[in-house]
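Accompanying notes for the structure given below.
Residue numbers (the working numbering): 12 to 138.
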C-alpha cells in the first residue's frame, strides 16, 4: 500500500502544480530542492517527508489534506475505484487544465452560458 500512497501523493502534486501553471523548476525553487526531486515525487519514486509535504502544500496554496483526497476511493477495487481512476486521468490532461483556467477567467454570466452550452452538446443527455 505504501507504493500506491506515494503514487497518489505524486499525482495530486502534479495536478496542483499544473493547475497553477508552475513548472517543476519553479516549484522546486519554492521549496528548496532540485527539479529532479519534484519529478521523483510526482512519479512516486521518492517518498515525500511530512516536512516537505508541508512546504509543498504552502507553495501550492492548498491544505495538506489536499494530497490525501480520494486516497480511500483509490484503494477500493471495483467500479468505485475505477471511476476515481478515470476521473483522475481526465483531470490530469493538459487540455482539461487549460479549459478550467479559461473557464474561470470568464465572468459569472458567460460561465453559466458556457456551461449550458456544454450540457446542450451532450448527445447522451436525454431531456
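Just so you know, even glycine gets a beta-carbon here, dropped at the ideal spot from N, CA and C.
Legend entry - Exposure label - residue 89; buried when at least 16 CB within 10 Å: Stepping through the chain shown from its first residue, residue 89 is reached at position 78. Summary for residue 89: the model assigns pLDDT 47, below 50, so the residue's position carries little reliability; its value from the coordinates is reported in the next sentence. Label assigned to residue 89: exposed.
Legend entry - Option in 30, 53, 132 and 104 with minimal Cα separation from residue 17: Taking the chain shown and counting its residues from 1, the one referred to as residue 17 is at position 6. Ranking 30, 53, 132 and 104 by Cα distance to residue 17 puts 53 first.
Legend entry - Residue of 67, 19, 124 and 59 minimising C-alpha distance to residue 139: Because the chain in this structure spans residues 12 to 138, residue 139 falls outside the shown range and cannot be described.
Legend entry - Member of 120, 40 and 82 whose CA lies at the smallest distance from the CA of residue 63: As a first step, residue 63 is located in the chain shown; it is residue number 52 there, counting from the start. Minimum Cα distance to residue 63 is reached at 40.
Inset, instruction - Could you check if residue 129 is buried or exposed, using at least 16 other CB atoms within 10 Å of its CB as the buried criterion? - result: The residue you call residue 129 lines up with position 118 of the chain shown. So residue 129 ends up on the exposed side.
Legend entry - Beta-carbon proximity of residue 30 to residue 112, cut-off 9 Å: As a working mapping, residue 30 is identified with position 19 in the chain shown. As a working mapping, residue 112 is identified with position 101 in the chain shown. Going by C-beta atoms, residue 30 is nearer than 9 Å to residue 112.
Legend entry - residue 55 burial status per 10 Å Cβ neighbour count (16 or more: buried): For the purposes of this step, residue 55 is taken as residue 44 along the chain shown, with counting starting at 1. Its Cβ being crowded by 16 or more others within 10 Å, residue 55 is buried.
Legend entry - residue 125 and residue 26 closer than 9 Å at C-beta: By one-based count along the chain shown, residue 125 stands at place 114. By one-based count along the chain shown, residue 26 stands at place 15. Taking 9 Å as the Cβ cut-off, residue 125 and residue 26 do not qualify as a contacting pair.
Inset, instruction - Assign residue 97 to buried or exposed, taking buried as 16 or more other Cβ atoms, counted over all protein chains shown, within 10 Å of its Cβ. - result: Position 86 of the chain shown, counted from the start, is the residue given in the question as residue 97. Exposed, because fewer than 16 other Cβ atoms sit within 10 Å of the Cβ of residue 97.
Inset, instruction - Let me know if residue 47 comes out buried or exposed under the rule of 16 or more other beta-carbons within 10 Å of its beta-carbon. - result: Position 36 of the chain shown, counted from the first residue, corresponds to residue 47. It is exposed - the Cβ of residue 47 has fewer than 16 other Cβ atoms within 10 Å.
Legend entry - residue 21, DSSP secondary structure in three states: Working through the chain shown from its first residue, we reach residue 21 at position 10. It is helical.
Legend entry - Contact check, residue 106 vs residue 22, beta carbons under 9 Å: Here residue 106 refers to the residue found at position 95 when the chain shown is read from its first residue. Here residue 22 refers to the residue found at position 11 when the chain shown is read from its first residue. The answer is no: Cβ separation not under 9 Å.
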